[in-house]
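S.K.: Chains as they are written, first to last, in our numbering: chain A, 11 to 236; chain B, 11 to 236.
Let me begin by handing over the structure; questions about it come next.
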DNA sequence: TGTCACGTTTCCGTATACCAGATTGCCTTA
DNA sequence: TAAGGCAATCTGGTATACGGAAACGTGACA
């Protein structure tokens, strides 16, 4: 054979890292049906590597919940039932709400200013329908909130969680007027924060996240099926 | 030497798993000062294994944040500043509070009954000062709350977080009358839950966790120092 | 016909040896 | 003394091998 679809793109970085990314994409794209057992040797051949980096990549995927390792019985692709995806989104919503609450009480005036600036800047992209730009500003908005908690550990956890959900969220903002509503909701969260009402900011953030999740509810209706 | 302190205890299970546990304990106990670079071959010799399972164990530790991997420059023991430990405990407190709130609204009568039963059973161990038994019941209490959220993902996250902090919490309950106060606080949380007041249950849980963290505040004042 | 035991096969977990490349520390040189 | 170069060292990765546990298939027995 030609050595399979070797992971040559981005020759830099650790091989295990590249394999991890490739596997993440493959799983998210549905190349491996949920419940499939992944053979280490097969994957090694497929990516033109040896078992070692493949194993390493699989452990990392297990750590982020994409696969499940049953000792001595192989690695299986995790089941992403609608129930489970819902659980993940709810958890994300609650964590975001938590960050919003803490950030309300702890952000410095400078940080708050930067956050408002981000929000203002997003107006253009909404008007022009520039989803990519809005997506970037949206991410920046949420990450600014994480940082605003002044709790580095929580910020890391929130970010990791957000990235784990990114795979399911890709097409989210494309739907209807979701982008308008999203920005409006950001504004409402900011308003609560400006009033120093962390609890209300948290509630609005939770609603914001859950609404975003609902926006792709139909999309996740039957994802990992065969 | 005699081949090092081979990881013979608990002959069952994966070698990499046992090494991971040994390293976790060693790091938490301060055997490796923060910032130390860990030599794979040295560790392999120390635990009487080859580099392969050691590498695997180190990756797992990296995933749980105990060590940091700098590509091609080795693995270093993560810095656990009081600030960072504080951040972790705060995050844990907030997550526990979140679980308490959701569990209040979602537990079935059966689950609630089991929780109350757990609480009742802990009375004996408090009276006799049986810290180990109380520790077990305490863990069961919190895990019952996780399950009570009816959110499997959140439950997993909460449990993982709790276990990451376990290393820093070992001696916590031994201090003074902490065990009495701990049980009292559980009772107060239960009371709020029985009234269906999730918000109050959350506030009490948060306070409970933060108080527990404060109980070992002096202990973590200067942990990983030399 | 269903089930249980037994042998076979597959594949994971681990060991070992080795290599290339990067990093580091030391030593030489200007 | 500072800069530059060289050698030792260690990691990331490859290749290979092997014991053992789990899965699988087969055939005997109830």
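In this text, a Cβ means the ideal position worked out from N, Cα and C, and glycines have one as well.
Leaving out the 5 sequence neighbours to the left and right, which residues in its chain are closer than 6 Å to residue 208/A when beta-carbon positions are compared?
M.R.: Here the set comprises 111, 114 and 115.
S.K.: CB residue 125/A to CB residue 200/A, shorter than 9 Å?
M.R.: Cβ atoms of residue 125/A and residue 200/A: closer than 9 Å.
S.K.: Over the uninterrupted beta strand (DSSP E) stretch that includes residue 205/B, give me the two end residues.
M.R.: From DSSP, residue 205/B is part of no beta strand (DSSP E); its letter is neither H nor E.
S.K.: How many angstroms separate the CA atom of residue 132/A from the CA atom of residue 118/B?
M.R.: Whole-angstrom Cα-Cα distance: 44 Å.
S.K.: Identify the continuous beta strand (DSSP E) that holds residue 84/A and give its terminal residues.
M.R.: Residues 84-87.
S.K.: With distances taken between CB atoms, is the gap from residue 62/A to residue 34/B smaller than 9 Å?
M.R.: No; because the gap between Cβ atoms is not below 9 Å, this pair is not in contact.
S.K.: Taking only beta-carbon positions, decide if residue 210/B is within less than 9 Å of chain A.
M.R.: Answer no: the Cβ-Cβ gap between residue 210/B and chain A never drops below 9 Å.
S.K.: Counting only C-beta atoms, is residue 178/B closer than 9 Å to chain A at any point?
M.R.: Cβ-Cβ to chain A under 9 Å: no for residue 178/B.
S.K.: Going by C-alpha distance, which of 25/B, 85/B, 30/B and 54/B is nearest residue 43/B?
M.R.: Taking only the C-alpha atoms, the option nearest residue 43/B is 85/B.
S.K.: Could you pull the DSSP bridge partners for residue 141/A from this structure?
M.R.: Per DSSP, none; premise fails for residue 141/A.
S.K.: Does DSSP put residue 155/B in a helix, in a strand, or in coil?
M.R.: Helix at residue 155/B.
S.K.: Per the DSSP calculation, residue 80/B is bridged to which residue(s)?
M.R.: Answer is 84/B, bridged to residue 80/B.
S.K.: Is residue 151/A near the ligand SAM - that is, is its Cβ less than 8 Å away from at least one heavy atom of it?
M.R.: Among the components of this structure there are no ligands whatsoever, and the ligand SAM is therefore not found.
S.K.: Are any of the Cβ atoms in chain B nearer than 9 Å to that of residue 31/A?
M.R.: False, the Cβ-Cβ gap to chain B never drops below 9 Å.
S.K.: Going along chain B in order, which residues have a C-beta closer than 7 Å to the C-beta of residue 101/A?
M.R.: Per Cβ cutoff of 7 Å: 161, 163, 164 and 167.
S.K.: What does the alpha-carbon distance come out to for the pair residue 155/A and residue 213/A?
M.R.: Using only the alpha carbons, I get a separation of about 15 Å.
S.K.: Once DSSP output is grouped into helix, strand and coil, what is the label at residue 52/B?
M.R.: Residue state, collapsed to three classes: helix.
S.K.: Closer than 7 Å, Cβ to Cβ, to anything on chain B: give me those residues from the segment 85-117 of chain A, in chain order.
M.R.: Hits within the stretch, in order: 94, 97, 98, 100, 101, 104 and 108.
S.K.: Can you tell me whether residue 190/A is buried or exposed, with buried defined as 16 or more other CB within 10 angstroms of its CB?
M.R.: The residue in question, residue 190/A, is exposed, as its Cβ has fewer than 16 Cβ neighbours within 10 Å.
S.K.: How is residue 47/B classed by DSSP in three states: helix, strand or coil?
M.R.: Strand.
S.K.: Output yes or no for whether 9 Å exceeds the beta carbon distance between residue 26/A and residue 64/A.
M.R.: The answer is yes: Cβ separation under 9 Å.
S.K.: Which residue comes first and which comes last in the alpha helix (DSSP H) that contains residue 96/A?
M.R.: Element bounds for residue 96/A: 92-116.
S.K.: Which residues of chain B have a Cβ atom closer than 7 Å to the Cβ of residue 81/A, listed in chain order?
M.R.: The answer, in chain order, is 24.
S.K.: Considering only their Cβ atoms, is the gap separating residue 172/B from residue 129/B smaller than 9 Å?
M.R.: Not in contact: residue 129/B and residue 172/B (Cβ atoms no closer than 9 Å).
S.K.: Rounded to whole angstroms, what's the CA-CA distance from residue 177/B to residue 76/B? Just pull it up for me.
M.R.: Approximately 10 Å, taken between the alpha carbons.
S.K.: Starting from residue 66/A, find everything on chain B with Cβ-Cβ shorter than 7 Å and list it in chain order.
M.R.: Neighbours of residue 66/A on chain B, chain order: 69.
S.K.: I'd like to know if residue 143/B contacts chain A, where contact means its C-beta is closer than 9 Å to some C-beta of that chain.
M.R.: False, the Cβ-Cβ gap to chain A never drops below 9 Å.
S.K.: Please classify residue 164/A as buried or exposed, where buried requires at least 16 neighbouring CB atoms within 10 angstroms.
M.R.: By the 10 Å Cβ count, residue 164/A comes out buried.
S.K.: Run through chain B and tell me which residues come within less than 7 Å of residue 73/A, C-beta to C-beta.
M.R.: Residues of chain B passing the Cβ test: 73.
S.K.: So for residue 42/B, helix, strand or coil by DSSP?
M.R.: In this structure, residue 42/B counts as coil in the three-state DSSP scheme.
S.K.: Looking at the structure shown, is residue 223/A part of a helix, part of a strand, or coil, going by DSSP?
M.R.: Looking at residue 223/A - three-state DSSP - the assignment turns out to be helix.
S.K.: Report the three-state DSSP secondary structure of residue 35/B (helix, strand or coil).
M.R.: Looking at residue 35/B - three-state DSSP - the assignment turns out to be helix.
S.K.: Which of the three DSSP states is assigned to residue 72/A in this structure?
M.R.: Here residue 72/A sits in helix by DSSP.
S.K.: Measuring alpha carbon to alpha carbon, tell me which of 206/B, 196/B and 204/B ends up nearest residue 106/B.
M.R.: Residue 196/B is the option with its Cα nearest to residue 106/B.
S.K.: I believe residue 93/B touches residue 45/B by the beta-carbon criterion, under 8 Å. Please report the beta-carbon distance rounded to the nearest angstrom.
M.R.: No, residue 93/B and residue 45/B are not in contact; Cβ-Cβ is about 16 Å, not under 8 Å.
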